[in-house]
Every structure is written in C-alpha cells, then in structure tokens.
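*Asks:* So the sequence shown is numbered by the UniProt record's numbering: it starts at 1 and just counts up by one. Just dropping this structure here.
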Amino acid sequence: MDTAASRPTQSMHTQVDSTGVRNQDIWSTGPAWALGLVGQALVALFVFTVAQSFFWADHVPLVLKLGVGAIGCLAYARPSDALLIVAGLAPIMRMFGTRILTDAYPARTTEAIVLAFLAGWLLGRLQLIRTTSTAPSTVRLPALLFGTTVAASCAVQLIALQISKDNPWSFINFFAEYLATAYLTAPIADLRPWVGTLSGYEFIVSAATILEGIGLFLAVITLCRGDSTLARRLGRMVVVGAVGVSALSIVELSTSAIGTGNPSVTLPELLQQRWAVFVSKVNTAGSYFVLVLPIALGLAADSKHRAVWLGTSVVIGIALWLSGSRAVLLTSLVLVLVGVVLLGIVRPQVSALRGLRRGAVAVGIASVVLVLGYRLIAFADSSSLESLQIRWLFVETTFRMLTSSPWLGIGVGQYRAAAELLNSQELQKLLVDAFSSRLENPHNYFLLIVAEFGII
1 MDTAASRPTQ SMHTQVDSTG VRNQDIWSTG PAWALGLVGQ ALVALFVFTV
51 AQSFFWADHV PLVLKLGVGA IGCLAYARPS DALLIVAGLA PIMRMFGTRI
101 LTDAYPARTT EAIVLAFLAG WLLGRLQLIR TTSTAPSTVR LPALLFGTTV
151 AASCAVQLIA LQISKDNPWS FINFFAEYLA TAYLTAPIAD LRPWVGTLSG
201 YEFIVSAATI LEGIGLFLAV ITLCRGDSTL ARRLGRMVVV GAVGVSALSI
251 VELSTSAIGT GNPSVTLPEL LQQRWAVFVS KVNTAGSYFV LVLPIALGLA
301 ADSKHRAVWL GTSVVIGIAL WLSGSRAVLL TSLVLVLVGV VLLGIVRPQV
351 SALRGLRRGA VAVGIASVVL VLGYRLIAFA DSSSLESLQI RWLFVETTFR
401 MLTSSPWLGI GVGQYRAAAE LLNSQELQKL LVDAFSSRLE NPHNYFLLIV
451 AEFGII
C-alpha cells in the first residue's frame with residue numbers, strides 16, 4: 001500500500017507553520033470569514049485614525065510623537081515586544097505630559113501609547129493568511145458584546161448631542177475632524193453642551209477608555225496564547241513600571257524633606273501627608289499599587305531571583321503606604337492576614353519551618369501588619385466617616401439611576417451629570433464641603449458601570 005496515499009492531504013491553500021498553527025488562505029475560507037476580515041479592517045483603520053490624532057497638535061514635543069509612532073510601528077511588526085513596552089511605560093507616561101515635557105499638556109500620552117499599540121497590532125493582523133491563534137470564544141464573545149453595548153450607548157449619546165449642537169451634516173463633519181486631528185490633544189472643559197465647542201464630548205473619552213481596555217484585554221490573551229513565555233514577561237514589566245513610579249514617590253518625599261534643610265524634623269510632618277507623584281489622585285495610586293503588589297510577591301515566590309523581586313515588593317509596599325489610601329490600607333491588612341491563614345492551610349510545609357526561618361517569617365508578617373495598621377490609624381480621623389458616608393450616599397444615588405433607567409442605563413459618561421440631579425441634598429452638601437464641587441463620580445467603578453449601562 002502506498003504510504004503517501006495514506007497520509008492526510010492538505011489543500012494548496014492550507015499550510016501548517018513551524019509552531020503547529022494552522023493557516024488558511026483568505027480566499028479558501030468562504031465569504032463569512034472574508035466579511036469578518038472586512039469588519040476587522042474597518043475597526044483597525046478607525047483605531048489608527050484616532051491614534052494618529054496625537055501627531056496633529058503643534059504643542060506636543062517631537063520626541064513624544066516619535067516615541068508614540070515607534071510603539072505603533074513595533075506593534076505592527078513585533079506586537080509582543082510592543083506590549084511589554086506599553087506595560088512598562090503606561091504608569092509613568094502621564095508625567096511626560098504634566099511634569100517632564102509640560103508643553104505637551106493636555107495631551108493624554110498614556111492613552112496615546114495604548115492606541116498606538118492597538119492600531120499597530122490590529123493592522124498587523126490584517127493579512128491574507130489567517131492564524132487560529134485568537135482569544136477563546138468564551139472570552140471573546142462577552143468582551144465583544146460588552147464593547148458593542150458601549151459603542152451603542154455612545155452612538156445614542158452622540159445623537160442626543162447633535163440635536164443640541166448643530167445640524168446633522170455639520171455635526172458629523174466636526175466630529176470626524178475632532179477624532180482625526182484633536183481627540184488625544186484637545187481638552188474637554190465642561191459637561192454642558194452649550195458652554196463651548198468641545199463641551200459635552202466627555203462621554204466620548206469615557207467610552208473610548210472602556211473600549212481600549214477591552215482591546216488590551218483581548219490583545220493580551222491572544223498574544224499570550226501564541227507565546228507561552230509572554231505572560232511571565234508581561235508580569236515582570238508591570239512590576240518594573242510600578243517600581244519606577246514607586247521610586248518617584250519616595251524620591252519626591254526625600255527631596256521635600258532634604259529641601260527644608262532640617263530633614264530629621266520635617267520628615268515626620270511630611271509623612272503625615274499622602275504622596276503620589278504619577279497620578280493626580282492618591283486613592284488611584286493606592287488602588288494601583290495594591291493590584292500590582294501581589295504580582296511582585298508572586299514573582300518572588302516562584303523565581304530564581306527571589307531577592308530582587310522581594311526588593312521590588314518592598315518598594316511598591318512603601319509607595320502604597322505613602323499613598324495613605326484608607327480603603328487600600330485596610331484591604332492590604334485583611335489580605336495579609338487572610339493570606340497567612342490560607343498559606344498555612346494550602347502549604348502546610350510553611351508552618352513546619354523551624355528555628356530562625358520560622359521566626360524571621362513571623363517577624364516579617366508582624367512588621368507588615370504593624371506598619372499598615374499604624375498608617376491606617378494615623379489617617380482614621382473624622383474625614384474617614386465622611387468618606388464612608390459619601391460612598392454610601394452614592395450607592396443610594398446609583399439605585400435611583402437604576403430605578404429611572406434599569407435596563408439600558410443612563411448612558412456612557414453620564415453618571416456625573418445625572419448625579420447632580422439625583423443626589424440627595426445631604427450628599428450635595430458633603431461634596432461641596434469635601435471637593436468644592438457637586439460633580440463627582442461615585443468612587444466605585446462597579447456602581448458607575450451598572451448605572452451607565454444598566455442590568456442588561
């Protein structure tokens with residue numbers, strides 16, 4: 001019997017690459033997939049159009065434009081490497097536009113590198129040869145449904161905005177020009193549509209932020225499925241970025257203390273303040289650090305360079321402590337205690353440590369608990385009760401929004417405007433006293449998402 005005849009045959013349009021991924025020629029896959037490719041091409045071109053708006057503003061320094069462009073080109077050719085760069089630079093990019101290259105303000109540099117990566121990655125996937133290395137349908141379908149919901153809500157808000165702005169054709173022309181030439185660089189100063197030319201467009205940024213997050217989510221899963229080593233390398237770069245901004249907070253504190261000429265006296269006073277250099281809100285910094293810290297600890301627990309990753313964990317922990325976010329400090333304290341209990345149950349060999357090693361572990365855990373507890377108590381004043389009260393009253397406001405629009409929500413980016421009408425008088429007074437403004441988000445993005453997009 002001819003052995004060649006018994007082998008499975010392949011179409012002239014089908015190949016198997018060196019990694020075993022099955023590739024098919026576009027023209028042999030039928031009209032359904034070709035239609036999908038057209039849709040993917042339209043999305044890629046749209047993202048590219050929005051991403052290149054960063055290059056139109058004269059006030060953005062050339063070095064930033066070259067950097068963003070380089071990330072986009074690298075994402076087209078080597079998306080995994082570009083993703084690692086974005087992971088490392090994202091935490092610090094805001095400082096390039098606010099502290100280092102101040103001429104770039106108010107350009108959103110962090111969003112610029114994310115869009116550049118997504119544009120390059122999506123354009124790079126537009127090939128005549130298709131690979132089956134994509135996110136699994138169990139992940140891709142919910143993500144696409146959520147993205148469609150966000151886009152539909154944005155479209156509804158655009159129609160409402162057009163009615164209050166201009167005739168349809170003029171509005172469409174202006175909006176297209178805004179997306180293509182000013183989206184990443186022009187400020188939107190006011191929620192009220194009648195105040196200025198760009199006022200009322202803030203929901204576009206809110207919708208884009210969510211869609212970009214979905215895009216990054218799918219990109220990470222897709223690229224990690226194609227490269228088994230990428231997930232660990234990506235975790236390392238996330239930690240490296242966190243260490244960088246953590247060090248900046250520590251340096252800022254040290255510089256402020258030394259600049260007084262008597263650091264031993266002023267340092268205790270400065271430690272009573274909350275420190276975060278790379279973002280405008282210290283609570284945001286605390287939330288970021290408490291999310292990255294477990295990654296650093298995980299790398300320390302399962303790595304040859306354990307001492308290095310333990311050192312990075314300490315630096316991130318110090319920055320978390322300096323942020324002084326009470327919710328984050330309390331969460332960290334609970335996680336440490338729960339983690340110790342679970343570690344003793346899941347890995348009983350840890351409980352069997354003897355002598356100096358067991359004592360060192362106990363002293364380390366006790367020190368972390370004491371340090372976190374001290375910082376938490378130091379900031380537990382009357383404002384803590386007011387903060388809790390504000391958050392609870394925002395829960396009540398969210399339920400009012402769901403009562404008024406339970407199924408499809410109040411619309412993307414509309415929470416602050418709707419809250420001004422639906423907040424209780426008690427909450428309005430607390431907001432004015434605390435923030436000198438009645439326009440605030442609920443400080444809880446789960447509530448915000450539920451209110452803006454509804455139960456469906």
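Beta carbons: idealized from backbone N, C-alpha and C, even for Gly. Model, not experiment: these values are computed from the prediction.
Does DSSP put residue 507 in a helix, in a strand, or in coil?
*Replies:* Because the chain here runs from 1 to 456, residue 507 falls outside it and cannot be looked at.
*Asks:* Look at the alpha carbon of H59 and the alpha carbon of S53, and state the distance between them as a whole number of angstroms.
*Replies:* 13 Å
*Asks:* With 16 as the cutoff for other CB atoms within 10 Å, does N423 come out buried or exposed?
*Replies:* buried
*Asks:* Report all residues from its chain with a CB closer than 8 Å to the CB of G286; omit the five preceding and five following residues, and keep chain order.
*Replies:* A276, L320, S323, G324, S325, A327, V328 and L329
*Asks:* How would you label S28, buried or exposed, when you count the other beta carbons within 10 angstroms and need 16 or more for buried?
*Replies:* Because the pLDDT at S28 is just 47, under 50, the model does not fix this residue reliably, and the value given afterwards should be weighed accordingly. With fewer than 16 other Cβ atoms within 10 Å, it is exposed.
*Asks:* What does the alpha-carbon distance come out to for the pair F117 and L37?
*Replies:* One C-alpha to the other measures close to 19 Å.
*Asks:* Rounding to the nearest angstrom, what Cα-Cα distance links G176 and V412 in this structure?
*Replies:* The displayed chain sequence assigns Ala, not Gly, to residue 176. Cα to Cα, A176 sits roughly 19 Å from V412.
*Asks:* Once you ignore the five residues that flank L101 on each side, which residues in its own chain have a CB closer than 8 Å to its CB?
*Replies:* P61, V63 and L64
*Asks:* Return the residue from the list T138, N167, D227 and Y76 that minimises the CA-CA distance to Q127.
*Replies:* With respect to the C-alpha of Q127, the residue from T138, N167, D227 and Y76 having the closest C-alpha is Y76.
*Asks:* Would you mind giving the Cβ-Cβ distance between V47 and L115, rounded to the nearest angstrom? I have them listed as a contact below 8 Å.
*Replies:* 6 Å
*Asks:* What span of residues does the alpha helix (DSSP H) with S436 cover, start to end?
*Replies:* No alpha helix (DSSP H) holds S436; DSSP gives it neither H nor E.
*Asks:* In whole angstroms, what is the alpha-carbon distance linking E202 and L393?
*Replies:* 24 Å
*Asks:* Could you give the first and the last residue of the continuous alpha helix (DSSP H) run that contains K281?
*Replies:* Counting along the chain, K281 falls outside any alpha helix (DSSP H), and DSSP gives it neither H nor E.
*Asks:* Can you list, in chain order, the residues of its chain with a C-beta nearer than 7 Å to that of M93? Leave out the 5 residues immediately preceding and following it.
*Replies:* T109, T110 and I113
*Asks:* Note down, in chain order, each residue of its chain lying with its Cβ closer than 8 Å to the Cβ of Q40, except the 5 sequence neighbours on either side.
*Replies:* L122, R125 and L126
*Asks:* Quick check: the segment 311-320 against the segment 262-269, are at least 3 beta-carbon pairs closer than 8 Å?
*Replies:* no
*Asks:* Comparing C-alpha positions only, which one of L293, A301, R225 and D302 sits nearest to S313?
*Replies:* L293
*Asks:* Confirm, please, whether the CB-CB distance from V243 to V315 is below 7 Å.
*Replies:* yes
*Asks:* Does DSSP put residue 494 in a helix, a strand or coil?
*Replies:* Summary: the structure shown does not reach residue 494, with the chain confined to residues 1 through 456, and so no result is reported for it.
*Asks:* Can you name the start and end residues of the alpha helix (DSSP H) that T222 belongs to?
*Replies:* E202 to G226
*Asks:* Taking the alpha helix (DSSP H) that I159 falls in, what are its first and last residues?
*Replies:* S137 to K165
*Asks:* S28 by DSSP, collapsed to three states: which one?
*Replies:* Residue placement at S28 cannot be trusted, given a pLDDT of 47 that sits under 50; what the coordinates show is reported in the next sentence. Residue state, collapsed to three classes: helix.
*Asks:* Since F222 contacts A135 with CB under 8 Å, what's their CB separation in whole angstroms?
*Replies:* Per the sequence presented here, residue 222 reads as Thr, with Phe not at that position. Yes, they are in contact, since the Cβ atoms of T222 and A135 sit about 5 Å apart, within 8 Å.
*Asks:* Would the beta-carbon of I455 fall within 7 Å of that of W407?
*Replies:* yes
*Asks:* Cutting at 7 Å between CB atoms, please list the residues of its own chain near L297, excluding the five before and the five after it.
*Replies:* S313
*Asks:* Out of curiosity, what's the CA-to-CA distance linking F446 and E452?
*Replies:* 10 Å
*Asks:* Taking buried to mean at least 16 other C-beta atoms within 10 Å of its own C-beta, is A189 buried or exposed?
*Replies:* exposed
*Asks:* Determine the extent of the alpha helix (DSSP H) in which T312 is found, giving its start and end residues.
*Replies:* R306 to S323
*Asks:* What's the call for R99, buried or exposed, on a 16-neighbour Cβ count within 10 Å?
*Replies:* exposed
*Asks:* Assign S332 to buried or exposed, taking buried as 16 or more other Cβ atoms, counted over all protein chains shown, within 10 Å of its Cβ.
*Replies:* The residue in question, S332, is buried, as its Cβ has 16 or more Cβ neighbours within 10 Å.
*Asks:* Determine the DSSP secondary structure at T102, reduced to helix, strand or coil.
*Replies:* Of the three classes helix, strand and coil, the one that applies to T102 here is helix, per DSSP.
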